[in-house]
Amino acid sequence: MATFGYIRVSSTGQEIARQVDALKAAGVEERYLYVDKMSGAKASRPALNEMLGKLREGDTVVIASLDRLARSTKQLLELAERFNAEGVSLVSLHEQLDTRTPQGKFTYTVLAAMAEMERSLIRERQREGIEAAKARGETGGRPRVASDKVKKAIALYKSGQYSVSQVAAEAGISVSTLYRYLRRNNN
C-alpha cells in the first residue's frame, strides 16, 4: 500500500512548494508526487493519468485541496467512483476529508457540489461583466493598431530599405502585428 500525492497548479508561473510541503508532511514520499501545471478544467492531465495508472487496491491519494484534483462535480465524482471501485482512498488536507470514513465519503460529495457551484457563479459573474461592458460600448480583445501606424509600417516595409524589426520599431508596432497586417494585405 502506497501513499500517492497529486499536485496541480493552473499555470507554469505558479509555485508548487506549498503543496509539496503539505503532502510530504502528510507522509507522501517524493517519488510518489505527481505534478500537473495546467488548468483543472482540462480532463486529460498527464501526471494525473500516470498516477491513476499506478494506483492499486489499498493505496491512498493525498491532495492539498479538492480544487487541485478537479474543477467540476462530475470530475470529482468520476474520480471518487474510480477510487472506490479500485479500493483507493482519498485524503484532502484543506477540507480535512478522508474517504476511508463514512463521514468523509459524505463530505466529499457535498464539497464537490459546492466547488462546482462556485465555479458556475464565477462564470456567471464573468458573463455579466462582459455583457455590462458591451452595453457601455466596450469591446473585448486586443486593441486595434491605429491605421496610420499600419500604413507607415507597410510603406517602410515595401521600400525594402529596412529589416522587419526596424520597420516595426519605427512604426511603433510589434513584429507579429506587422506580419499579421502584411498577410492580410497580401504584401
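For any residue, its number in this note's numbering is found by taking its place in the sequence shown, counting from 1, and adding 1. Backbone N, C-alpha and C define an ideal beta-carbon position, used for all residues, glycine too.
(Q) With the cut-off set at 8 Å, would you say L77 and A86 are in Cβ contact? (A) The count along the sequence shown starts at 1 and reaches residue 77 at position 76. The count along the sequence shown starts at 1 and reaches residue 86 at position 85. Result no, Cβ atoms of L77 and A86 do not sit closer than 8 Å.
(Q) Here's the rule I'm using: 16 or more other beta-carbon atoms within 10 Å means buried, otherwise exposed. How should G6 be labelled? (A) As a working mapping, residue 6 is identified with position 5 in the sequence shown. Buried.
Q: Whole angstroms is fine: what's the gap from I90's alpha carbon to K38's?
A: If you number the sequence shown from 1, residue 90 lands on position 89. If you number the sequence shown from 1, residue 38 lands on position 37. Sequence check: residue 90 is Ser here, not Ile. Near 24 Å, if we compare the C-alpha coordinates of K38 and S90.
Q | Nearest residue (CA-CA) to E119, options E16, S73, G59 | A | On the sequence shown, residue 119 is found 118 positions in, with the first residue counted as 1. That would be S73, whose Cα lies nearest to the Cα of E119.
Q.
Threshold first: 3 residues or longer. Then list the beta strand (DSSP E) segments lying entirely within the segment 58-130, N to C.
A. Scanning the segment 58-130 for uninterrupted beta strand (DSSP E) segments of 3 residues or longer gives 61-64, 90-93, listed from N- to C-terminal end.
Q) Terminal residues of the continuous alpha helix (DSSP H) containing G54? A) On the sequence shown, position 53 is the one that residue 54 refers to. Annotation: the continuous alpha helix (DSSP H) that includes G54 extends over 47-55.
Q: Using the Cα positions of L67 and A27, report the straight-line distance between them to the nearest angstrom.
A: Here residue 67 corresponds to residue number 66 of the sequence shown, with the count starting at 1. Here residue 27 corresponds to residue number 26 of the sequence shown, with the count starting at 1. The alpha-carbon atoms of L67 and A27 are separated by roughly 15 Å.
Q | Cross-strand partners of I17 (DSSP beta bridge) | A | Within the sequence shown, numbered from 1, the residue matching residue 17 stands at position 16. According to DSSP, residue pairing for I17 in a beta bridge does not occur.
Q: Leaving out five residues on either side along the sequence, give the residues of the same chain with a beta carbon under 7 Å from the beta carbon of K153.
A: Here residue 153 refers to the residue found at position 152 when the sequence shown is read from its first residue. Correct list, in chain order: A172.
Q: Report yes if the C-beta distance between V36 and A48 is below 8 Å; otherwise report no.
A: Translated into positions along the sequence shown, residue 36 becomes position 35. Translated into positions along the sequence shown, residue 48 becomes position 47. Between V36 and A48, the C-beta gap is smaller than 8 Å, which places the two residues in contact.
Q: Would you kindly report the start and end of the unbroken beta strand (DSSP E) that includes I8?
A: For the purposes of this step, residue 8 is taken as the residue at position 7 of the sequence shown. Residues 4-10.
**Q.** Cβ pair I8, R83 closer than 8 Å
**A.** Translated into the one-based positions of the sequence shown, residue 8 becomes position 7. Translated into the one-based positions of the sequence shown, residue 83 becomes position 82. No. Outside cutoff.
**Q.** T61 and T4 closer than 8 Å at C-beta
**A.** Numbered from its first residue, the sequence shown carries residue 61 at position 60. Numbered from its first residue, the sequence shown carries residue 4 at position 3. Taking C-beta atoms as the reference points, T61 and T4 count as a pair closer than 8 Å.
Q: Please state if the CB of L94 and the CB of A147 are separated by a distance shorter than 8 Å.
A: In the sequence shown, residue 147 corresponds to position 146, counting from 1. In the sequence shown, residue 94 corresponds to position 93, counting from 1. For A147 and L94, no; Cβs fall outside 8 Å.
(Q) On a Cα-Cα basis, can you pick out the residue from A114, M115, G88 that is closest to T102? (A) Along the sequence shown, read from residue 1 onward, the residue named residue 102 stands at position 101. The residue from A114, M115, G88 with its alpha-carbon nearest to that of T102 is G88.
(Q) Quick check: V151 and Y182, are their CB atoms within less than 8 Å of each other? (A) Working through the sequence shown from its first residue, we reach residue 151 at position 150. Working through the sequence shown from its first residue, we reach residue 182 at position 181. Yes. Within cutoff.
Q: Identify which residue in S160, R143, S45, G161 has its Cα closest to the Cα of S177.
A: Taking the first residue of the sequence shown as position 1, residue 177 is located at position 176. Closest option to S177, judged by alpha-carbon separation, among S160, R143, S45, G161: R143.
Q. Short check: CB of V21 to CB of V63, under 8 Å?
A. Residue mapping note: residue 21 aligns to position 20 of the sequence shown, counting from 1. Residue mapping note: residue 63 aligns to position 62 of the sequence shown, counting from 1. When the beta-carbon positions are compared, V21 and V63 stay at least 8 Å from each other.
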